[in-house]
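Here's the structure, in structure tokens; my notes come after.
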Amino acid sequence: MPDALRSRLVLSDYETDPITLAKRLIGCTLVRIIDGEELAGKIVETEAYVGVKDRASHAYGGRRTARNEAMYARAGTAYVYFTYGMHFCMNVVCGRVDEPVAVLLRALQPIRGIPVMQFRRGPRCRRQADLCNGPGKLCQALGIDRTLNRIDLTTSDHMWIEPDTPVPTTTARMVQDRRVGIASAGLWANRLLRWYSTESDCVSVLRKQR
DNA sequence: CCTGCGATCGTCT
DNA sequence: GACGATCGCAGGA
37 MPDALRSRLV LSDYETDPIT LAKRLIGCTL VRIIDGEELA GKIVETEAYV GVKDRASHAY
97 GGRRTARNEA MYARAGTAYV YFTYGMHFCM NVVCGRVDEP VAVLLRALQP IRGIPVMQFR
157 RGPRCRRQAD LCNGPGKLCQ ALGIDRTLNR IDLTTSDHMW IEPDTPVPTT TARMVQDRRV
217 GIASAGLWAN RLLRWYSTES DCVSVLRKQR
């Protein structure tokens, strides 16, 4: 498709609160251009990090360091960080400048560039559904690393997000659940700030039955 | 299905 | 010096 006919989310789409954006992003398409090739996946799982009061957030208590500086930038900025000595995770910054709120992308359903994703993920990853079903996995599959930290998703030629068209995914087609991997966040670990599509087999962690 | 563990290193205390 | 918004594998039920 010619670039001129492709739409992407714009500043006003990102200038909202993280809960609204986390739900809005479900069904949208993350596009990554790397080595002249396009990789794309449908966003099927997100988490909201809701500001300085959120104990699970890197910006808890107003912490502001070189690592999390992107969280304080303009909405539509990518916040990519390195963790556990080997993985990257990608967030989409939202809210106002100097208000550290963001949405973590946790899983994608692969759409385009699947052979490249398989190569980047390595031979140990056999199932297509496992290519991008985790925040570290999707960054590995799409080649998202610290060079993309702080890029502007509304203007970048390397990565952007396209809207969920023609009909945005509604909350009726989403599961709302606790966030993953933040057990030490006290009461904030129980907040229902994760959303995932009921219609994808590429979600990282399913809700426990009760 | 589930739980536990090691890998590996940048970041912050 | 400790820990982490993770992952893949091993082992047991």
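So the first sequence is numbered by our numbering: it starts at 37 and just counts up by one. Yeah, the Cβ is synthetic: ideal placement off N, Cα and C, and Gly gets one too. The structure presented is a predicted model; accordingly, all values stated were derived computationally and were not measured.
CB residue i to CB residue j, shorter than 8 Å?
i: S148; j: L75; result: Here the sequence assigns Arg to residue 148, which means Ser is not the residue at that position. The answer is yes: Cβ separation under 8 Å.
i: V86; j: P54; result: yes
i: Q176; j: R157; result: yes
i: Q145; j: S240; result: no
i: L61; j: V128; result: yes
i: L205; j: G63; result: Checking the sequence shown, residue 205 turns out to be Thr, not Leu. Yes, they are a contact pair.
i: E83; j: L229; result: yes
i: I197; j: L45; result: yes
i: C125; j: G172; result: yes
i: Y115; j: A106; result: yes
i: L47; j: T183; result: no
Quick check on DSSP: helix, strand or coil for residue i?
i: T247; result: The chain is shown from 37 up to 246; residue 247 falls before or after that span and cannot be answered.
i: N127; result: strand
i: G257; result: Because the chain in this structure spans residues 37 to 246, residue 257 falls outside the shown range and cannot be described.
i: E74; result: strand
i: Y115; result: strand
i: R182; result: helix
i: L140; result: strand
i: T82; result: strand
i: M210; result: strand
i: E198; result: strand
i: L57; result: helix
i: Y108; result: helix
i: S220; result: helix
i: R163; result: coil
i: L66; result: strand
i: R272; result: Outside the displayed span of the chain (37 to 246) sits residue 272, for which this structure offers no information.
With a threshold of 6 Å on Cβ separation, who are the neighbours of residue i within its own chain once the five nearest residues in sequence on each side are excluded?
i: A165; result: D237, C238
i: L174; result: L144, C168
i: L57; result: C130, V139
i: R215; result: E83, L229, R230
i: Y50; result: A111, G112, C130
i: L70; result: Correcting the residue identity first, residue 70 is Ile in this sequence and not Leu. Here the set comprises G179.
Who are the Cβ neighbours of residue i in its own chain at under 7 Å, not counting the five residues just before and after it?
i: A102; result: none
i: Y96; result: V88, D90
i: R100; result: Y108
i: R243; result: V211, D213
i: D200; result: G63, C64
i: T207; result: K59
With a CB to CB cut of under 8 Å and the five nearest residues on each side skipped, what residues in its chain are close to residue i?
i: N185; result: A106, A114, Y115, V116, Y117
i: T234; result: R209, M210, V211
i: R42; result: E198
Do three or more CB pairs link the region 89-101 to the region 215-225 at distances below 8 Å?
yes
Spell out a yes or no on whether the region 132-141 and the region 105-120 are touching, meaning 3 or more CB-CB pairs, one atom from each, closer than 8 Å.
yes
Touch test, the region 201-211 against the region 172-192, Cβ-Cβ under 8 Å, three pairs minimum
Because the criterion of three Cβ pairs below 8 Å is not met, the region 201-211 and the region 172-192 do not touch.
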